[in-house]
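One structure is given below, encoded as C-alpha cells.
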Amino acid sequence: MELNKILRHKKDIEQFLEKIKEAKQIAVDFEFIRKKTYYPIPCLMQISDGNEIACIDLLENNLNEFLINKILTHEREVIIHSCTQDLEIIECISKVIPKRVFDTQIAASFLGYGYQIGYAELIFKLFEIELDKSSKLTDWTQRPLTENQIEYAVNDVKYLLKASNILKKNLSDEKKDSWCKEEIENCINKYKKSRSEKELFKKVKIIKSFKGDKKTLAKVIAVWREEKAKQINLPRNWVFNEEVLEKIVNHVYENNSIKNNDFFYENFNEKDHYDLISFIDENKNNSIFHEQNITNKLSKTNKDFISYIYNQLKMESINLGIAHEIFIPKKDLISMVNSKDLNSKIINDWRGSNMSKKVYEEIILFLEKS
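And the structure:
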C-alpha cells in the first residue's frame, strides 16, 4: 500500500482524490482534540482505498468542507471503526452525514469479538499484527508531527478495509449481515437524536434530582447552557457546571431572577443574565420541558421481570454468538418496561425477530398487561 506524504495543499489533495475517485469504499479516521472547545477540532484525516493511503492536514488549509464533500460525492461506502465521533467531525465540517457507513466495531460485536472492541485489538485478533499505541495521547494540534505520530495515524486506516471485508464475509456466512446493517443504522439515528433536548436531559445528571416545576426549570436552564456553549464554542461546564446549575434552579425558583453573580464564570456577563431569564420566561411552559416525566423508580414486579428477561436473552445471545450488550442493551430494556413501550427496538428490530418465541411473547404479554 502506497503512503502519500502528509497533504497540506489543494493541488496535492486533489491529486490524491483523483487517484481514489473510482473507489467503491474508503476507510476513514480522524485525529482531533476537544479539551477547551464545545466542538471537536479536526487535526488530521486519514483515508485509504486499500491501495492508496494519505494523511491530510486539516489545520493548515481551508479545504476541509471541500475535502469532505468531494469524498462523499460518490455513493461509496465509508468504513469507520466506532463511527460516532467521526460522524460528528464530518458533520461539523460539511453539515452532512455519509449515506453508506460500515462500522467495524459494531460488526465485530456480532461475530464473537466482544462488545466495543478497540481497533488495535481487533487488528491483532484478525491479523496478529500489534499496532504501536504510544502516540495515542498526542496533541494533534502540534506541528510538525513525528514519524511515530504519523505512523500511528496511518495505521488507523491501513488495515481497516481488509478488516471490513473479512467481517462482511463472516457476517454473510453466518446470515447476520442484515442484523449488522440495521444496528449501524440504529447507531447513526441515535447519533442524530443525541442533539435533541430529550437526549440532553439524560446527559445532565442533576436534572434527575428535581421534581415538578424545579425539574422543568432545570431542563430549560440546561438547554440555555447548551446553546450558550455552542455559541461561544466552550465546553458546557465552562459556562457553568452542574453544581452551579442546581444553585441557579433553586435561586430562580425562589426569586424569579438571578441576582447572585457568584454563580458564574468570568465569561458570564450582565447580558447573559438577562438572556437566561428571558429564555426561562419564554420556555417554562413549552411542552418539550414538561413531557415524559416518567418516574425512573422501578417497582419490584418490573425489576424482577427485567432481571428475568435480561438473563434469558443473555443466554440466547451466547447461542447466537453476539455480544449480549448489543443484543439486549440494559438501558433500553429498563426504558421499555418502565414506559410500557410496545414500539421499543428490543422487540421491533432485528432483536425481536431473533429472540426465542417464548421470550418475545412473555415480553408482549407483560407490556400489555401492565
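Going by the numbering used here, the sequence shown opens with residue 552, and the numbers climb by one from there.
Cβ atoms here follow ideal geometry from the backbone N, Cα and C, with glycine treated the same way.
It should be emphasised that the depicted structure is a prediction, and the values quoted were computed from it without experimental measurement.
Beta-carbon separation (whole angstroms), residue i vs residue j, contact threshold 8 angstroms
i	j	result
isoleucine 897	tyrosine 666	Wrong, their Cβ atoms sit about 17 angstroms apart, outside the cutoff.
alanine 659	leucine 682	No, alanine 659 and leucine 682 are not in contact; Cβ-Cβ is about 16 angstroms, not under 8 angstroms.
tryptophan 691	isoleucine 584	6 angstroms
leucine 864	isoleucine 879	4 angstroms
valine 652	isoleucine 739	6 angstroms
leucine 893	threonine 588	Actually they do not touch by this definition, with Cβ atoms about 42 angstroms apart.
arginine 787	glutamate 797	So it is not a contact: roughly 14 angstroms between Cβ atoms.
Nearest neighbour of residue i, chosen from the options [CA to CA]
i	options	result
lysine 676	Leu662, Lys687, Val888	Leu662
histidine 632	Lys741, Lys587, Lys572, Lys709	Lys709
glutamate 711	Ser895, Glu702, Ile735, Tyr670	Strictly speaking, residue 711 in this sequence is leucine, with glutamate absent from that position. Of the candidates Ser895, Glu702, Ile735, Tyr670, the one whose C-alpha sits nearest the C-alpha of leucine 711 is Tyr670.
isoleucine 860	Glu797, Glu912, Leu893	Glu912
lysine 650	Gln566, Ile644, Glu736, Lys719	Glu736
leucine 746	Glu698, Glu702, Leu614, Lys781	Sequence inspection shows arginine at residue 746; the leucine mentioned does not correspond to that position. Per the Cα distances, Lys781.
leucine 849	Val795, Lys891, Phe761	Lys891
serine 686	Ile701, Ile869, Glu777	Ile701
tyrosine 590	Leu696, Ile783, Gln566, Lys561	Ile783
asparagine 706	Gly903, Ile598, Ile915, Glu821	Ile598
asparagine 905	Lys726, Asn721, Phe917	Lys726
lysine 586	Thr689, His802, Cys731, Glu833	Thr689
leucine 871	Arg902, Lys851, Lys882, Asn806	Arg902
Cβ-Cβ distance between residue i and residue j below 7 angstroms
i	j	result
histidine 578	threonine 655	Here residue 578 turns out to be alanine, not histidine, going by the sequence shown. In this structure, threonine 655 does not lie closer than 7 angstroms to alanine 578 by Cβ.
isoleucine 640	proline 593	yes
isoleucine 857	valine 888	yes
phenylalanine 830	tryptophan 775	yes
aspartate 900	glutamate 733	yes
alanine 773	valine 800	no
isoleucine 828	glutamate 793	no
isoleucine 571	cysteine 606	no
isoleucine 644	asparagine 602	no
tyrosine 804	lysine 765	yes
lysine 759	glutamate 750	no
Cβ neighbours of residue i in the same chain (closer than 6 angstroms, five flanking residues each side left out)
i	result
phenylalanine 581	Pro593, Met596, Asp637, Ile640
leucine 568	Lys621
lysine 779	Val790
threonine 635	Tyr742
isoleucine 873	Phe661
valine 755	Ala773
lysine 561	Leu614
serine 895	Met887
leucine 918	Lys891, Leu893
Close-in-space but distant-in-sequence residues of the same chain around residue i (CB under 8 angstroms, 5 per side omitted)
i	result
threonine 767	Lys835, Phe840, His841
glutamate 611	Arg559, Arg694
valine 647	Ile619, Asn620, Leu623, Ile641
lysine 719	Phe653, Ala658, Asp728
valine 910	Ile860, Gln863, Leu864, Glu867
asparagine 699	Asp683, Ser685, Ser686
isoleucine 915	Leu893, Ile898
glutamate 748	Lys770, Val774, Ile839, Phe840
Beta-carbon contacts of residue i that lie in its chain and below 7 angstroms, excluding the five residues immediately before and after
i	result
lysine 575	Arg627, Glu628
serine 907	Glu867
leucine 609	Pro593, Cys594, Leu595, Met596, Asn615
isoleucine 564	Leu558, Ile607, Leu614, Leu618
asparagine 853	Val888, Asn889
phenylalanine 761	Ala769, Val800
isoleucine 668	Gln656, Ala659
tyrosine 664	Leu673, Lys676
asparagine 721	Leu662
cysteine 731	Ile657, Ala658, Phe661, Leu722
Self-check item: Whole alpha helix (DSSP H) elements within the stretch 585-639, 4-residue minimum
Solution: 615-622
Quiz item: What are the start and end residues of each continuous alpha helix (DSSP H) run of 4 or more residues lying completely inside the stretch 682-747, in chain order?
Solution: 698-709, 711-724, 728-744
Exercise. Jot down the residue ranges of each uninterrupted alpha helix (DSSP H) in the stretch 765-828, minimum 4 residues, whole runs only, in chain order.
Key: 787-790, 793-806
Quiz prompt | Continuous alpha helix (DSSP H) assignments of at least 4 residues falling wholly in the stretch 828-902 | solution = 851-871, 875-878, 881-890, 896-899
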